[in-house]
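What follows is one structure encoded as structure tokens, with my remarks underneath.
Residue numbers (the working numbering): 30 to 487.
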């Protein structure tokens, strides 16, 4: 592939995938906020210490961009952390002191430092407290480890933080970050904090938040396909014996046939329309022998001989005449739904053992998607939009597969927890996620091999 082709593929691959992942994460963000969950970060790009960000005064969420544009993420409070019976007491200590060292928390609770840090990290994940980075000690937010101290958040008189809807810091009784705010009942206060996180919501709200991302991708694809088919239209074959195109370096081109020729017979079989023409081609190619093609060009009748070289050709190299047809809105929407059903079927076959390898044969990795995005962009806006719809639909349904750590896998875990009426341990969830990651690593390697074969070998 030429250098400019590589640059174009990289550019359009990043644009398409970043856009779709950004919208996917946007679905999670909007659903989480609608369900009353705290969301601390929403980024275009993968996590990176170098980034540009701005904090929303309304939501408290930090919106930003990182240099690693291939992706995005949303940090919803309560999706990580561990349960500990001493969490209320730990929260009470931080609120009482305003700012406290993890070592002091461990000493007061009579636990080791690791357990204290786990509890403080859980409270920080809930946005109930926050880490305090001491510049004099060389601590910075971008460091890979937690700092020595944690502190309270800014809260209004109703204990609402900047991440909570309805907070009002202009009211009397507001306390600033790092100020003491003792709790009358740490257990009740912690329950209130938990209720504003993913963990503190019911099954339906958690599930809605998980599926919102894939649903945004599927909805976007549906809208694009429907709009394209009803506004730009679609090329449909005309049942005519006039040739629409002749493939380069084909047997038809070698015989002298051109686009616009009216074929009247092939191998002695009359051709009145495209259906009869296609049947005549199949019959002639089946013999593996040379055959005659009679056609009209410019009002004159001509005859050409198609040379097969004694071989059974797979195709003659001609295409039907086409015309652009705009579908009605209901028909366009129906076609979009049918396309969605095909993509969903493809995704489902991926996890059916008897169809997995067969399905993987047509899979593409990010390399193939980037190359195809570049080709679609060079073909025009409509083709690019339809390609975006194709990838978006695939991204949506793939994420609904019941394999952790995909959204569908997380929904499966939620269902299991609902049935057994208790939470799966962090360790069990981690093992399940590792198995899912191994499966998708296998898929990626297989899809990458497909792309190498298609793009390099041909």
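Ideal Cβ placement from N, Cα and C applies to all residues, glycine included.
From a predicted model like this one, the values you see are computed outputs, not experimental measurements.
With distances taken between CA atoms, residue 72 lies nearest to 84 out of 84, 430, 41, 401. Here residue 182 has 156, 157, 158, 159, 190, 191, 206 as same chain residues with Cβ atoms under 8 Å from its own Cβ, once five neighbours each way along the sequence are excluded.
By a beta-carbon distance limit of 8 Å, residue 272 contacts residue 289. Their separation comes to about 6 Å. Sixteen is the threshold: since fewer than 16 other Cβ atoms of the shown chains lie within 10 Å of the Cβ of residue 79, the residue is exposed.
Between the alpha carbons of residue 37 and residue 412 lies a gap of roughly 16 Å.
By the criterion of a C-beta distance shorter than 7 Å, residue 309 is surrounded in its chain by 295, 296, 298, 300, once the five residues flanking it on both sides are discounted. Within the model, the alpha-carbon separation for residue 176 versus residue 165 is close to 12 Å.
Beta-bridge partners of residue 92 (DSSP): 71, 83. The beta carbon of residue 222 lies closer than 6 Å to those of 155, 157 in the same chain, with the five residues before and after it left out. Collapsing the DSSP output to three states places residue 171 in coil. The closest CA to that of residue 129, considering only 472, 209, 330, 51, is found on 209. Inclusion of residue 326 and residue 264 in the CB contact set at 8 Å is not warranted, their separation being larger than that value.
Cβ neighbours of residue 243 within its own chain (closer than 6 Å, five residues either side excluded): 425, 428, 429, 436.
The shortest C-alpha to C-alpha distance from residue 200 to any of 184, 213, 215, 212 is the one to 184.
The Cβ neighbour count for residue 367, taken over all protein chains shown within 10 Å, is under 16; the residue is labelled exposed. The DSSP assignment places 215 to 223, 232 to 256 as complete runs of the alpha helix (DSSP H) inside the stretch 187 to 257, in order along the chain (cut-off: 4 residues). According to the DSSP assignment, residue 354 belongs to no alpha helix (DSSP H) but to the beta strand (DSSP E) extending over 351 to 354.
According to the DSSP secondary-structure assignment, residue 102 is paired through a beta bridge with 72. Residues 346 of the same chain have their beta carbon placed closer than 6 Å to that of residue 279, with the five preceding and five following residues left out of the count. Look at residue 274 here: in three-state DSSP terms it is strand. Residue 399 places its beta carbon 8 Å or farther from that of residue 434. Contact check for residue 75 against residue 48 fails: the beta carbons are separated by 8 Å or more. For residue 295, the uninterrupted beta strand (DSSP E) run begins and ends at 291 to 295, by DSSP.
Annotated as distal: residue 440 and residue 228, with beta-carbon spacing of 8 Å or more. For residue 361, the closest C-alpha among the options 256, 277, 343, 470 is that of 256.
Rounded to whole angstroms, the separation of the alpha carbons of residue 145 and residue 460 is 24 Å.
For residue 196, the CB contacts under 7 Å within the same chain, skipping 5 residues up- and downstream, are 185, 189, 190 in chain order. Relative to residue 302, the option among 374, 270, 81, 172 whose CA is nearest is 270. Using a Cβ distance threshold of 8 Å, residue 250 and residue 408 do not count as a contacting pair. For the pair residue 40 and residue 101, the Cα-to-Cα distance works out to about 17 Å. In the DSSP secondary-structure assignment, residue 160 is bridged to 179.
The beta carbon of residue 388 sits closer than 6 Å to the beta carbons of 378, 379 from its chain, once the five residues preceding and following it are set aside; these are given in chain order. Here residue 333 carries a strand assignment [DSSP, helix/strand/coil]. Looking only at 143, 120, 67, 126, the smallest Cα-Cα distance to residue 108 is reached by 67. Counting every other CB atom within 10 Å of its CB across the protein chains shown gives residue 148 a total of 16 or more, marking it as buried. Residues 284, 319, 320, 321, 322 of the same chain have their beta carbon placed closer than 8 Å to that of residue 334, with the five preceding and five following residues left out of the count.
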